[in-house]
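Asks:
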Amino acid sequence: MASGSSVGGDSYDEEAAAVAVPRRPPLELDGRGAASDHRSGFIPRYQVVSSKVDTSERYFDEWQKKLPNTDEIRKSKPRSRYFTISGVELSPDNMAVATVYFVQGVLGLARLAVSFYLKDDLHLDPAETAVISGFSSLPWLIKPLYGFIRSYKSSCLHDSIPLFGYRRRSYLILSGFLGALSWGLMATLVDSKYSAAFSILLGSLSVAFSDVVVDSMVVERARGESQSTSGSLQSLCWGSSAFGGIVSAYFSGSLVDTYGVRFVFGVTAFLPLMTSAVAVLVNEHRLSSGERAMSHSGSGFIETSKQHIRQLWTSVKQPNIFLPTLFIFLWQATPKSDSAMFFFITNKLGFTPEFLGRVKLVTSIASLLGVGLYNYFLKAVPLRKIFLATTIIGSALGMTQVLLVTGLNRQFGISDEWFSIGDSLIITVLSQASFMPVLVLAAKLCPPGMEATLFATLMSISNAGSVSGGLVGAGLTQFFGVTKDSFKNLALLIVICNLSALLPLPLLGLLPEESGNADDGETKHN
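FYI, in our numbering the residues of the sequence shown are 4 to 529.
#1: For LEU208 and LEU181, which I take to be in contact (beta-carbon distance under 8 Å), what is that distance rounded to the nearest angstrom?
#2: So which of MET98, THR337, ASP124 and PHE246 has the shortest CA-CA distance to ALA477?
#3: So, THR317 versus LEU461, is the Cβ gap smaller than 7 Å?
#4: With a cut-off of 8 Å, do at least 3 Cβ pairs link the stretch 384-401 to the stretch 492-501?
#5: Tell me which residues share the same chain as LEU506 and place their Cβ nearer than 7 Å to its Cβ, disregarding the 5 neighbours each side in the sequence.
#6: Contact defined as beta carbons within less than 8 Å: I believe SER238 pairs with TYR377. What is the distance between those atoms, to the nearest angstrom?
#7: At which residues does the alpha helix (DSSP H) containing TYR532 begin and terminate?
#8: Using a Cβ-Cβ cutoff of less than 7 Å, which residues in the same chain neighbour ALA494 once the five nearest sequence positions on both sides are dropped?
#9: Output needed for TRP241: all residues of its chain with C-beta closer than 6 Å, excluding positions within five of it in sequence on either side, in chain order.
#10: Does the separation of the CB atoms of PHE119 and TRP186 fall below 7 Å?
#11: Apart from the five residues on each side of it in sequence, which residues of its chain come closer than 7 Å, Cβ to Cβ, to SER178?
#12: Can you tell me where the alpha helix (DSSP H) holding ARG171 begins and where it ends?
#13: Is it buried or exposed for VAL283, if we count other Cβ within 10 angstroms and need 16 for buried?
#14: So LEU514 and LEU386 are in contact, right, with Cβ under 8 Å, and what is the actual spacing, rounded?
#15: Restricting to Cα atoms, I'd like to know which of LYS339, SER489 and ILE389 is closest to SER469.
#16: How far does the alpha helix (DSSP H) with MET344 in it reach, from first residue to last?
#17: Using the C-alpha atoms, what's the distance from ASN466 back to GLN321?
#18: Using a Cβ-Cβ cut-off of 6 Å (strictly less than) and excluding sequence neighbours within five positions of ASP426, which residues of its own chain qualify?
#19: I'd like the span of the alpha helix (DSSP H) that includes MET277, first residue to last.
#20: Report yes if the CB atom of LEU511 is closer than 7 Å to the CB atom of LEU496, and no otherwise.
#21: Can you give me the Cβ contacts of ALA1 inside the same chain, cut-off strictly under 6 Å, excluding the 5 residues immediately before and after it?
#22: Would THR535 and VAL281 be called neighbours here (beta carbons separated by less than 7 Å)?
#23: Taking PRO327 as part of the alpha helix (DSSP H), name the residues at either end of that continuous run.
#24: MET344 to GLN107, Cα distance in whole Å?
#25: Within 10 angstroms of the Cβ of LEU433, are there 16 or more other Cβ atoms? Answer buried if so, exposed if not.
#26: Rounded to whole angstroms, what's the CA-CA distance from LYS122 to ALA245? Just pull it up for me.
#27: Pick out whichever of ALA369, GLY247, TYR253 and TYR197 has its Cα sitting closest to the Cα of ALA116.
#28: Under DSSP, the alpha helix (DSSP H) around MET402 begins and ends at which residues?
#29: Please name the residue, chosen from VAL285, SER463, GLU357 and THR366, that lies closest to LEU144 on a Cα-to-Cα basis.
#30: Compute the distance between the beta-carbons of ASP218 and PHE458, then report whether it is under 7 Å.
#31: Which residues in the same chain have their Cβ closer than 6 Å to the Cβ of LEU326, if we skip the five residues on either side of it in sequence?
#32: Shortest alpha-carbon distance to SER255 belongs to which of TYR174, LEU359, ARG172 and ILE176?
#33: Please identify the residue among SER136, ASP128, MET189 and PHE390 whose C-alpha is closest to the C-alpha of VAL443.
#34: Measure the beta-carbon distance from LEU428 to VAL365 and round it to whole angstroms, keeping in mind my assumption that it falls under 8 Å.
#35: Start and end of the alpha helix (DSSP H) containing ALA494?
See below:
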């Protein structure tokens, strides 16, 4: 959003408001064009002397006293011209943000295709698949670099290195084209695990870069707001992502079954272009050639680079930022068994791509329900309580996968398919509801002037924790001998992964002690 604009609304121009307040002109013109001054007592010729002049002046003075001054106008909040959803105005900027998140969700169309391609076409083991997944997440670990590039020559958020005259639009357009290229390569040229890893990495880079652009817009609005208000905006973002997942979920499996993975990759290649299209909704003006020349000054870049590095380090090392970030990293770094479970349900239980598409549809709806659960019931709850409750419940529910692996669910008369659907639904709702506070906390920790870079840094640390958990899970998978054909120790792997999720709980004191409706000034840190 351009500088000076409000959340989802028009900017307020104090000078224009001052001009808009009528003021009595000191001089008036008579019928011949001569100036006259009522205050001096001079009465122009041909003007009838009467008390109307004094009366009109008295009425004018009384009317002017009733007018609000510019300070009152500035303090009053203008009525919004836009519709609102969950307290968030659907301005063009917010629509662009929501659309980018929608694209992130709808790109899930190719997620099943990638998993089946790595397993069936490239014949990889669960551990190798987990490693490639971790490698493809690298762009999410260097998000501070994108935020740093965009924050160059910046004392405020929108002053970043302009690309073709724009500071945000051009980056969104470029990221859309990059995503289209990556999935186009997957549909045509990729034929090895190395080229597949590179193409997936390229697509991840595209999404991560566009994510930094819209995240900076989200943080700009969240700073200074209460946890409840910030949560509403995050709910819109992740609700849009979940809706995109719902749109693509069922077809992600049926298309693989009917047309194959290459066809799905080709269709997915068109989806990132939506990000390029909505870039025109971002509220910013094209920079002049002089402004662009100043932004690309070499000496200015070096000095600004040093300044931003110092600012970033100064911000991160503060206890009220470092300690919550450490908890988030450890909370995300617990090992996961997702890759091993995928191989088990497809190779052992025989779940087809079409059925997994239905499961994905359920989990996408569950993700949206998780966003709603947080937005309507949990966003006013202190962060520590949310993390404590969701971690304990999530760890307990995660153990239900042992029933599926050992076949105990069938002894209770529950088929593998229905058990898998129900289990995925409940766990996804809880996972999404527990992840929303991470986003809100990261947004609120960002100080003015470093929003894009610091928020990207915090989310990169969170992503690094998630990737670390995946790699640790891959190592445990290899250690316990779980392969694409052997699942003897899979139940033990699941138990260890779920119990390890409880390990960060003693460190809950690192999180800020905050009431849901409190402002930043009321936040207490230990």
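No residue lacks a Cβ here, since even glycine has one placed at the ideal position from N, Cα and C.
None of these values were measured; they are calculated from a predicted model.
Replies: To lay it out plainly:
#1: Contact between LEU208 and LEU181 holds, with the beta-carbon distance rounding to 7 Å and staying under 8 Å.
#2: Checking every option, the nearest Cα to that of ALA477 belongs to THR337.
#3: Their beta carbons are not under 7 Å apart, which means THR317 does not touch LEU461 by this criterion.
#4: Flag = yes, the stretch 384-401 and the stretch 492-501 touch.
#5: Contacts found: THR337.
#6: Indeed they touch by this definition, with Cβ atoms about 7 Å apart.
#7: The shown model of the chain, from 4 to 529, leaves out residue 532, and the question about it has no answer.
#8: For ALA494, where only same-chain residues beyond five positions count, the Cβ hits under 7 Å are VAL405, VAL408 and THR409.
#9: Closer than 6 Å at Cβ, skipping near neighbours: VAL374.
#10: Going by beta carbons, PHE119 and TRP186 fall outside the 7 Å limit.
#11: These residues qualify, in order along the chain: SER209, PHE212, SER213 and THR278.
#12: Element bounds for ARG171: n/a, residue is neither H nor E.
#13: Looking at its Cβ environment, which holds fewer than 16 other Cβ atoms inside 10 Å, VAL283 is exposed.
#14: Right, their Cβ atoms sit about 5 Å apart.
#15: Closest option to SER469, Cα to Cα, is LYS339.
#16: Start and end: 341-346.
#17: About 21 Å.
#18: Closer than 6 Å at Cβ, skipping near neighbours: THR403.
#19: Segment 276-280, the alpha helix (DSSP H) holding MET277.
#20: With a cutoff of 7 Å on beta-carbon distance, LEU511 and LEU496 are scored as not near each other.
#21: For the chain, the structure presents residues 4 to 529; residue 1 sits outside this window and is missing.
#22: This structure does not reach residue 535, given that the chain is present from 4 up to 529, and the question cannot be answered.
#23: Membership of PRO327 in the alpha helix (DSSP H) is indicated by the continuous run 322-335.
#24: Rounded to the nearest whole angstrom, the C-alpha separation of MET344 and GLN107 is 24 Å.
#25: Taking a 10 Å sphere around the C-beta of LEU433, we find 16 or more other C-beta atoms and assign the residue as buried.
#26: If I take the Cα positions, the gap works out to 26 Å.
#27: Of the candidates ALA369, GLY247, TYR253 and TYR197, TYR253 places its Cα closest to the Cα of ALA116.
#28: Judged by DSSP secondary structure, MET402 falls outside any alpha helix (DSSP H); it is assigned neither H nor E.
#29: When only C-alpha atoms are compared, the closest one is SER463.
#30: Inclusion of ASP218 and PHE458 in the CB contact set at 7 Å is warranted, their separation being smaller than that value.
#31: If the five residues before and after LEU326 are omitted, its C-beta is found closer than 6 Å to the C-beta atoms of LEU513, all from its own chain and listed in chain order.
#32: For SER255, the nearest C-alpha among the options comes from LEU359.
#33: It is PHE390 whose Cα lies nearest to the Cα of VAL443.
#34: Right, the Cβ-Cβ distance comes to about 5 Å (below 8 Å), so this counts as a contact.
#35: Segment 493-503, the alpha helix (DSSP H) holding ALA494.
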